[in-house]
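Per the numbering used here, the sequence shown runs over residues 62 to 242. I have placed the structure first, in the form of structure tokens, so that the comments after it can refer back to it.
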Amino acid sequence: MKPEPIDISETKSVPSKIEMRRECGDCSMCCEGHLNAVIHGIPMSKGRPCHFLGKCDGGGCTIYEDRPPLCEAYQCLWKYTPTLPEWMKPNLSDVIMAYHEEEMNGEQVGYLTLREGNNTIRSDVLNYVLRLCLEHNKNLEYECNGSWYHLGDHEWIRFHVEKGGGEVHDGVTIPELAQTP
Ligand code: SF4
Ligand code: SF4
Numbered sequence: 062m063k064p065e066p067i068d069i070s071e072t073k074s075v076p077s078k079i080e081m082r083r084e085c086g087d088c089s090m091c092c093e094g095h096l097n098a099v100i101h102g103i104p105m106s107k108g109r110p111c112h113f114l115g116k117c118d119g120g121g122c123t124i125y126e127d128r129p130p131l132c133e134a135y136q137c138l139w140k141y142t143p144t145l146p147e148w149m150k151p152n153l154s155d156v157i158m159a160y161h162e163e164e165m166n167g168e169q170v171g172y173l174t175l176r177e178g179n180n181t182i183r184s185d186v187l188n189y190v191l192r193l194c195l196e197h198n199k200n201l202e203y204e205c206n207g208s209w210y211h212l213g214d215h216e217w218i219r220f221h222v223e224k225g226g227g228e229v230h231d232g233v234t235i236p237e238l239a240q241t242p
């Protein structure tokens, strides 16, 4: 399938300065234990949803008015990037994308993260995001079947992986992309 032309250049801005353009609606993926955070002293991590997430009547935050600032500030990429298709909404695509920046050699470097939700990432979703990042020259850190991979500027990849205590293994190919017309 030919990728749709799309503009994700707005992701150059830092999320705190971006006006929100979409509503979360029926999605609560960022509260369901796919991200790591400590909420009012109680950890949330992979497989461990937020303690304050409602468990019946469709869930939702049970302490909405008293949720910590990090919850109020969090915006996934889908929420403030209107050019990402509707089917990339986290509860439809089963992935959460976010934008981050880190300092490398005195400069701020941006990168995207693609995190799996409840299941191993679907091939159509992975293929779409890899193509998008290649097309727009974006650095990407992505999860596939529980392991993490990187795409983008080699200097950033080495810096980012080693900063996290990992090792870079070169020579990984992306056969799905090579085979797709
Ligand atoms: S993952 Fe995105 S769309 Fe879903 S609840 Fe969180 S911020 Fe809203
Ligand atoms: S406190 Fe509410 S908004 Fe924050 S992670 Fe928990 S359920 Fe989500």
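Just so you know, even glycine gets a beta-carbon here, dropped at the ideal spot from N, CA and C.
Check: With DSSP run on the structure shown, which of helix, strand or coil describes E93?
Finding: Walking along the sequence shown from the start, residue 93 turns up at place 32. DSSP, reduced to helix, strand and coil, places E93 outside both helices and strands of the structure shown, so it counts as coil.
Check: So, do the region 209 to 223 and the region 161 to 175 have three or more beta carbon pairs nearer to each other than 8 Å?
Finding: Put simply, the region 209 to 223 touches the region 161 to 175. At least three CB pairs are less than 8 Å apart.
Margin query: One question on the structure: do N179 and D155 come within less than 7 Å of each other, judged by their Cβ atoms?
Written below: For the purposes of this step, residue 179 is taken as residue 118 along the sequence shown, with counting starting at 1. For the purposes of this step, residue 155 is taken as residue 94 along the sequence shown, with counting starting at 1. Their beta carbons are under 7 Å apart, which means N179 touches D155 by this criterion.
Item checked: Contact between the region 133 to 151 and the region 109 to 125 (3+ Cβ pairs under 8 Å) -> Judged by Cβ distances under 8 Å, the region 133 to 151 makes no contact with the region 109 to 125, as fewer than three pairs qualify.
Next item on the list: Express the C-alpha separation of L96 and Y172 in angstroms, rounding to a whole number.
Entry: The count along the sequence shown starts at 1 and reaches residue 172 at position 111. The count along the sequence shown starts at 1 and reaches residue 96 at position 35. Computed Cα separation, rounded: 17 Å.
Check: What number of angstroms, rounded off, separates the C-alpha of S208 from the C-alpha of G227?
Finding: For the purposes of this step, residue 208 is taken as the residue at position 147 of the sequence shown. For the purposes of this step, residue 227 is taken as the residue at position 166 of the sequence shown. Rounded to the nearest whole angstrom, the CA to CA distance from S208 to G227 is 12 Å.
Check: According to DSSP, which residues form a beta bridge with W148?
Finding: In the sequence shown, residue 148 corresponds to position 87, counting from 1. In the DSSP assignment, W148 forms no beta bridge with any residue.
Next item on the list: Could you tell me the distance, in whole angstroms, from the CA atom of D87 to the CA atom of N200?
Entry: Here the question's residue 87 lines up with position 26 in the sequence shown. Here the question's residue 200 lines up with position 139 in the sequence shown. Their Cα atoms are separated by approximately 29 Å.
Note to self: Rounding to the nearest angstrom, what Cα-Cα distance links K78 and P130 in this structure?
What the structure shows: Position 17 of the sequence shown, counted from the first residue, corresponds to residue 78. Position 69 of the sequence shown, counted from the first residue, corresponds to residue 130. Unreliable placement is indicated for K78, whose pLDDT of 47 sits below 50; no coordinate value is reported for it.
Check: Does DSSP classify C111 as helix, strand or coil?
Finding: Along the sequence shown, read from residue 1 onward, the residue named residue 111 stands at position 50. Shown here, C111 sits in coil according to DSSP, grouped into three states, outside any helix or strand.
Note to self: Bridge partners for L201 per DSSP, in chain order?
What the structure shows: Counted from its first residue, the sequence shown places residue 201 at position 140. L173, L212.
Margin query: For G94 and E216, I'd like the C-alpha separation in whole angstroms.
Written below: Numbered from 1 along the sequence shown, position 33 holds the residue referred to as residue 94. Numbered from 1 along the sequence shown, position 155 holds the residue referred to as residue 216. Taking the CA atoms as reference points, G94 sits about 31 Å from E216.
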